[in-house]
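Visitor: Input: one structure, supplied below.
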Amino acid sequence: MAIFVDEMLWRHFSSKYGTTASTQLQDYALTMLNNIQIMYHQPSAVPQLTFHVVRFEVLSTQPNAMAAHLHNDGHAQKYLDRFCRYQRSLGARDWDHALMLTGFAVHF
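Going left to right, the sequence shown walks through residues 0 to 107 as numbering that gives the first Met the number 0 numbers them.
Printed below as a string of structure tokens:
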């Protein structure tokens with residue numbers, strides 16, 4: 000799994016935590032993922048899945064392909080489409096799934 004953090008969320012953490020923002024953001028992302036993983040390790044979950052993070056990237060500058068005006072500042076479907084294209088364009092085949100953590104107020 001690849002986890003990406005967009006510029007908006009980075010700005011929020013940076014303004015709140017200053018020099019420890021990177022560590023706080025990584026802890027936040029991994030805590031969320033661990034909570035999800037707990038669900039997939041329940042006895043009733045078949046098959047039981049284990050997630051492995053192979054890439055964690057903080058986009059301290061939003062890539063041009065995902066600029067705010069291209070997805071109306073967080074339109075859910077447009078932002079998802081932009082993110083999917085962006086992460087595919089990286090050419091890496093190290094992950095099956097990619098997750099974008101965003102600071103945008105996602106809307107429809």
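Beta carbons are placed, not taken as given, at the ideal position from N, Cα and C, and that holds for glycine.
1. Can you tell me whether Phe-103 is helix, strand or coil according to DSSP?
2. Pair every Cβ in the region 45-65 with every Cβ in the region 88-99, then say whether three or more of these pairs are closer than 8 Å.
3. Who are Phe-12's beta bridge partners in DSSP?
4. Which residues in the same chain as Phe-128 place their Cβ atom closer than 8 Å to its Cβ, once the five residues preceding and following it in sequence are excluded?
5. Taking the alpha-carbon of Arg-9 as reference, which of Tyr-27, Met-0 and Tyr-39 has the nearest alpha-carbon?
6. Taking 8 Å as the cut-off, decide whether the C-beta atoms of Phe-3 and Gln-86 are in contact.
7. Hey, which unbroken runs of the beta strand (DSSP E) at 3 residues or more fall wholly within the region 15-74?
8. When you compare the CB positions of Tyr-78 and His-70, do they come within less than 8 Å of one another, or not?
9. The beta strand (DSSP E) with Ala-1 in it runs from where to where?
Guide: So, from the listed chains and residues:
1. coil
2. yes
3. Answer by DSSP bridge pairing: none, since Phe-12 is not bridged.
4. Summary: the structure shown does not reach residue 128, with the chain confined to residues 0 through 107, and so no result is reported for it.
5. The question names Arg, but residue 9 in the sequence shown is Trp. Among Tyr-27, Met-0 and Tyr-39, the Cα nearest to that of Trp-9 is on Tyr-27.
6. yes
7. 54-57
8. yes
9. 1-4
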